[in-house]
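Numbering (UniProt numbering), first residue to last: 1 to 300.
Note sheet for the following structure.
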Amino acid sequence: MFPTNKVAENVFATAGSIVWSVVVIPQIVKSYRTKSTHGLSPWLMLLWAGSAFTYGPYAFTQHLSIAFCVQAQLFYLFTCISFSQCLYYSSGYSVIKSISVLFALLLLFAGFETGSIFALRRADSEGLPGVAMAYAYMTNAFNVLGLLPQYYEIFRLREVVGISLIFLALDVSGGVLSFLSLFFRPKLDVPAFVLYLVVSVADLGIIILAGLLNPSARRRKLRMSQQAQQVRENDETRQSTTEAIVSQSDINPPVSIENQRSESGLKEVSSSLREADTTSSSSLTDVEKIEREETTSTMV
């Protein structure tokens with residue numbers, strides 16, 4: 001632990017709070033530009049919104065710096081916007097439906113936060129500090145649980161895609177700054193210590209996975225693209241060969257067995273007809289000869 005220094009504590013805590021206030025903006029911009037949230041778990045944003053759900057009332061009732069109170073409101077707003085983008089780009093929600101979900105979440109937060117502030121103040125006045133600590137630990141739980149679906153998404157796709165690395169880097173920075181501020185306090189805040197440490201390490205783990213998995217994923221996609229191109233070329237060659245055979249068949253149509261049999265039958269019929277004609281012609285000639293002989297004998 002460093003010596004107690006209120007100024008250093010406030011400087012680090014305020015800097016970390018400012019970073020965390022805008023940390024989700026790079027993710028919102030990335031999703032909007034790419035028109036896709038493929039690879040980004042919507043549960044990450046929804047559960048992180050839940051962490052602000054409980055951290056906001058805790059910050060107000062524990063009289064933390066105004067920067068922490070504002071940070072909770074902005075963090076909730078931006079995580080809900082990113083969650084609505086997931087609904088629109090990946091879940092097939094319409095624009096109106098996605099915006100409706102966003103406003104419903106904001107109204108829910110406003111109502112829950114207002115009620116929680118009154119409830120926590122009442123608990124403090126009655127000597128029940130454990131209620132406020134429950135909110136602090138729930139904040140930690142939401143932040144940690146939110147990262148689990150994102151890790152599942154990464155291992156399912158075998159690459160880090162859809163999630164902004166700038167967003168992760170800012171989140172790590174905010175966690176480190178807030179983490180350092182704890183060492184200048186008279187007493188270590190254990191829930192905050194656990195939260196900042198776990199979130200920073202988990203975010204850093206995703207960045208490391210991006211460096212390990214993404215190059216192999218690019219090579220895999222390139223290999224699959226080349227194989228698909230080879231298949232297309234083979235199909236085109238096969239189609240060209242088939243068309244050439246068909247065109248050649250149109251020029252010299254093949255003689256089928258049935259056609260050959262028909263032609264043989266026609267030849268046999270023609271031959272029989274010719275033989276019949278020859279026979280009938282010879283018969284007529286013989287008759288004419290007999291008639292001539294009879295006529296000659298009569299005249300004699």
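Think of the CB as a built atom: it goes at the ideal place given N, C-alpha and C, for glycine as much as any other residue.
Just so you know, these numbers come straight off a predicted model, no measurement behind them.
The three-state secondary structure of S94, taken from DSSP, is coil.
Nearest Cα to Y196 within the set G174, L209 and L212: G174. By the criterion of a C-beta distance shorter than 6 Å, Y151 is surrounded by no residue of its chain, once the five residues flanking it on both sides are discounted.
Using a Cβ distance threshold of 8 Å, F167 and V70 do not count as a contacting pair. Look at the beta carbons and you see the segment 76-85 touching the segment 15-31: at least three pairs across the two are nearer than 8 Å. Burial of L44 is indicated by the presence of at least 16 other C-beta atoms within 10 angstroms of its C-beta.
DSSP, reduced to helix, strand and coil, places G39 outside both helices and strands of the structure shown, so it counts as coil.
When only Cα atoms are considered, A67 and Y58 end up about 13 Å apart.
Ranked by Cα distance from L107, the options F53, S91 and A132 are led by F53. Residue environment for G92: exposed (fewer than 16 other C-beta atoms within 10 angstroms of its C-beta).
Going by DSSP, N140 is part of the alpha helix (DSSP H) stretching over P129 to L157.
If you draw a straight line from the Cα of K6 to the Cα of T61, it is about 20 Å long. Y135 has its alpha-carbon roughly 43 Å from the corresponding atom of R218. Going by DSSP, E9 is part of the alpha helix (DSSP H) stretching over K6 to S21. For D171, the enclosing alpha helix (DSSP H) has its first and last residue at L165 to S181. In the structure shown, D189 falls within a coil segment according to DSSP collapsed to helix, strand and coil. Here the C-alpha atom of L170 lies approximately 7 Å from the C-alpha atom of V19. At a Cβ-Cβ threshold of 8 Å, T139 and S51 count as neighbours. Linking L87 to L102 through their CA atoms gives a straight-line distance of about 10 Å. With 16 or more other CB atoms across the displayed protein chains lying within 10 angstroms of its CB, D203 is buried. A straight-line Cα-Cα distance of about 11 Å links A13 and R185. Within the model, the alpha-carbon separation for L209 versus S36 is close to 21 Å. For V24, there is no enclosing alpha helix (DSSP H), as DSSP marks it with neither H nor E. The shortest C-alpha to C-alpha distance from P215 to any of E153, G111 and V161 is the one to V161. A distance below 7 Å between beta-carbons, with the five flanking residues on each side excluded, links I117 to the following residues of its chain, in chain order: P57, F60 and T61. Counted as a single uninterrupted DSSP element, the alpha helix (DSSP H) harbouring V70 occupies residues I66 to Y89. Look at E243 here: in three-state DSSP terms it is helix.
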